[in-house]
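Visitor: Residue numbers for the sequence shown, in our numbering: 6 to 159.
Think of the CB as a built atom: it goes at the ideal place given N, C-alpha and C, for glycine as much as any other residue.
If you're wondering where the values come from, they're calculated on a predicted model, not measured in any experiment.
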Amino acid sequence: MGKRGLSPVIATVLLVLLVLVLSSLIFLWARGFISEQIDKFGRPIDVLCNTVDFSVERVETVSGEDALEVVNNGDIDIYHLDVKMFDEKGNSEINKFKFNIDAGKSTRGEITLRMSDNTRPKEITVYPALIGTVHGKSTNRVFTCGDVGQTIIL
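Given below as structure tokens:
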């Protein structure tokens with residue numbers, strides 16, 4: 006006959022290597038679905054988002070520019086605000102309102118309420134962003150509370 010095949014030992018080693026490579030690929034792929042847990046005051050930061058209490062009002066300045074006046078009524082410091090702007094066609098863009106708003110304080114700052122095509126948005130939604138510590142590490146991360154927004158129609 007003269008035909009030779011793989012020995013059972015080599016076939017077994019190849020199968021084990023194949024299983025290890027496939028399981029590693031699946032692990033790396035699935036790891037992308039699990040986000041790092043960010044803590045603040047020893048609790049998950051997304052739980053604290055429900056306790057954020059703030060109010061936002063658009064005011065016009067003397068120079069004719071837009072400004073946002075933000076009052077933090079809660080007891081959690083707001084790191085910055087993400088302002089999502091919507092135009093007439095439903096397109097949206099996000100800008101950051103980079104001011105710290107300490108608990109119980111208020112701030113006012115100018116913000117450009119213009120879309121990238123230089124048109125005014127039809128409405129804006131303002132989301133608070135908190136800063137916390139990555140669980141098990143000593144690094145800080147910003148977390149935007151996407152379910153605690155306030156909408157202002159312009």
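With distances taken from CA atoms, which of L30, V131 and L11 is nearest V76?
Guide: Here residue 76 refers to the residue found at position 71 of the sequence shown. It is V131 whose Cα lies nearest to the Cα of V76.
Visitor: Nearest to C150 by alpha carbon, out of V18, V26 and I136?
Guide: Here residue 150 corresponds to residue number 145 of the sequence shown, with the count starting at 1. If we check each option's Cα against that of C150, I136 comes out closest.
Visitor: Rounded to a whole number of angstroms, what is the C-alpha to C-alpha distance between V64 and D152?
Guide: Along the sequence shown, one-based indexing puts residue 64 at 59. Along the sequence shown, one-based indexing puts residue 152 at 147. When rounded, the distance between both Cα atoms is 24 Å.
Visitor: Under 9 Å between the Cβ atoms of T56 and I81?
Guide: Within the sequence shown, numbered from 1, the residue matching residue 56 stands at position 51. Within the sequence shown, numbered from 1, the residue matching residue 81 stands at position 76. Closer than 9 Å, so yes.
Visitor: Output yes or no for whether 9 Å exceeds the beta carbon distance between I106 and F59.
Guide: Numbered from its first residue, the sequence shown carries residue 106 at position 101. Numbered from its first residue, the sequence shown carries residue 59 at position 54. Cβ atoms of I106 and F59: closer than 9 Å.
Visitor: How is the beta strand (DSSP E) around L135 delimited, first residue to last?
Guide: In the sequence shown, residue 135 corresponds to position 130, counting from 1. E128 to V139 is the extent of the beta strand (DSSP E) around L135.
Visitor: Near M120, what residues of its chain come up, given a Cβ to Cβ distance below 7 Å and the 5 sequence neighbours on each side ignored?
Guide: As a position in the sequence shown, residue 120 is number 115, starting the count at 1. If we look at M120 and ignore the five residues flanking it on each side, its Cβ neighbours are M90, D92, E98 and P126.
Visitor: In whole angstroms, what is the alpha-carbon distance linking V61 and E74?
Guide: Here residue 61 refers to the residue found at position 56 when the sequence shown is read from its first residue. Here residue 74 refers to the residue found at position 69 when the sequence shown is read from its first residue. Their Cα atoms are separated by approximately 6 Å.
Visitor: Can you give me the Cβ contacts of G114 inside the same chain, cut-off strictly under 7 Å, excluding the 5 residues immediately before and after it?
Guide: Residue mapping note: residue 114 aligns to position 109 of the sequence shown, counting from 1. Once the five neighbours on either side are set aside, the close Cβ partners of G114 are A72, L73, F102 and F104.
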